[in-house]
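Chemist:
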Amino acid sequence: MAQLLGRSPSTISRELRRNVCAGSYASAPAQRMCHQRRLASRPLPKLHSQGCLWFVVSTMLTWRWSPQQIARTLRRMHPQDSSLHISHESIYTAMFRAARVHRSIALEADARHLVTDVWTSVGVVVGIAAVALTGWLWLDAVVAIGVVLNIVREGWHLIWRSSQGLMDEAVEPEVLADIERILAGFAHRRGDVSIIRFDHIATRRSGQRRFVDLHLHMPASWTLGRAAALRGDVEQALMSAVPGLRATIELLPSDVEAHFNGPKDLI
Ligand SMILES: [Zn+2]
187 MAQLLGRSPS TISRELRRNV CAGSYASAPA QRMCHQRRLA SRPLPKLHSQ GCLWFVVSTM
247 LTWRWSPQQI ARTLRRMHPQ DSSLHISHES IYTAMFRAAR VHRSIALEAD ARHLVTDVWT
307 SVGVVVGIAA VALTGWLWLD AVVAIGVVLN IVREGWHLIW RSSQGLMDEA VEPEVLADIE
367 RILAGFAHRR GDVSIIRFDH IATRRSGQRR FVDLHLHMPA SWTLGRAAAL RGDVEQALMS
427 AVPGLRATIE LLPSDVEAHF NGPKDLI
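As C-alpha cells, then:
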C-alpha cells in the first residue's frame, strides 16, 4: 500500500493506528478526527467565546462600556479573583477574533471604533501636554489633524472591507490552502497516471458564506455509487475543515474535460 501511494510504510501504519473509527478506516472520519485533535491541542484563551468571563465582558460591551472601563471595573470588584482579571488589550484581541470567526464586519467595526477612541483620547492628552510644555498653540492643531486622519483612515478601511463583502471575492489565502490540502489528501496517482484529480477550483465568498466549485476526475469505469461515495467523502472533509463552506463538485471521467467551465469560457 505504501509503495502504491508513494509514502513510507510507517506513515501509513501511524495513520491507520490513530484514525481507525469503529474498527475500520475511512477518509472522511479520519480527516474529522485529525481536525478535532488539532483543535484540542490548542490551549483555550482566557476570553474564549464559551467562557463565563466572555459572557460578563460581552454584556458590559453591550452597555457601551469601553474595554478599559471593563478591565478596571472587574479588577476593582474582584481584587482576589485573578480568573476575572483581564487586560483591555485582551478584550480588543477577543473582539477582533470573534469578528474573524463569525466573519462579522459589524463586530470588527465596533472593535475598530473602540481602538480609534483610545487613540483619540491619547491624542488629546498628548496635545494638551505638548502645548503646556512648549507653549506652542499650533501643536494642538497638529495633534488634532493626526487624530482626524486616523479616524478617516479607519473609516475608509471599514467602508472598503464592507463593500468587498457585497461583491463576490475569492476566499482568504489560508482557507484556500486548507481546501487544497484536503483535496491533495484525496488525489491519487499511480506512476505518471492520475487516478483521482481535482481541477477548475473556483472559490468565492459572499457575506458570511464561502463557496467552492470544482471538478473531480475519476476512472470512467467506476460505478455511479462509488463515484457518489467519494464525492460525499470529499464534501464532508471540506465542510469539516472549513465550517460553513458549500462545495459544488462536478464528477467527470479522468480523460474528459467539461466543455463549459463558467463565464470565462464565453470570452
Ligand atoms: Zn476538469
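Note that my numbering has the sequence shown beginning at 187, numbered continuously upward.
Using N, Cα and C, we set each Cβ at its ideal position, and we do this for glycine too.
1) Would you report the Cα separation of Gln422 and Asp378, rounded to the nearest angstrom?
2) Grouping DSSP H, G and I as helix and E and B as strand, with all else coil, what is Thr409?
3) What ranges does the alpha helix (DSSP H) occupy inside the segment 262 to 291, keeping only unbroken runs of at least 4 residues that lie completely in it?
4) Take Arg193 and list the residues in its own chain whose beta-carbon comes closer than 8 Å to its own, dropping the five residues that flank it on each side.
5) Verify the contact flag: Leu369, CB atom, against every heavy atom of ligand 1, threshold strictly below 7 Å.
6) Suppose you measure from the CA of Ala414 to the CA of Val442; what does that come to, to the nearest Å?
7) Buried or exposed: which applies to Ala188, given that a residue is buried once 16 or more other Cβ atoms fall within 10 Å of its Cβ?
8) With Met404 as the anchor, note down where its beta strand (DSSP E) starts and where it stops.
9) Distance check for Val243 and Leu416, CA to CA, integer angstroms please.
10) Counting pairs of beta carbons, one from the segment 369 to 376 and one from the segment 334 to 353, are three or more of them closer than 8 Å?
11) Which residues are close to ligand 3, meaning CB closer than 7 Å to any heavy atom, in chain order?
12) In whole angstroms, what is the alpha-carbon distance linking Met219 and Trp240?
13) If contacts are defined as beta-carbon pairs under 8 Å, then Gly430 and Arg376 qualify, I think. What distance do you get, rounded to the angstrom?
14) Give me the Cα-Cα distance between Leu233 and Ala433, rounded to the nearest whole angstrom.
15) With a threshold of 8 Å, are at least 3 pairs of Cβ atoms found where one atom belongs to the segment 268 to 282 and the other to the segment 243 to 254?
16) Under 8 Å, do Ile291 and Arg347 count as touching if we go by C-beta distance?
17) With a Cβ-Cβ cutoff of 8 Å, do Gly313 and Asp303 count as a contact?
18) May I ask you to verify whether the segment 314 to 323 touches the segment 258 to 277, counting CB pairs closer than 8 Å and requiring at least 3?
Modeler: Based on what the coordinates show:
1) 28 Å
2) coil
3) 274 to 287
4) none
5) no
6) 18 Å
7) exposed
8) 395 to 404
9) 45 Å
10) no
11) Here the bound small molecules are ligand 1; ligand 3 is not part of this structure.
12) 28 Å
13) In fact, because the Cβ distance is near 35 Å, the residues do not count as touching under 8 Å.
14) 32 Å
15) yes
16) yes
17) no
18) no
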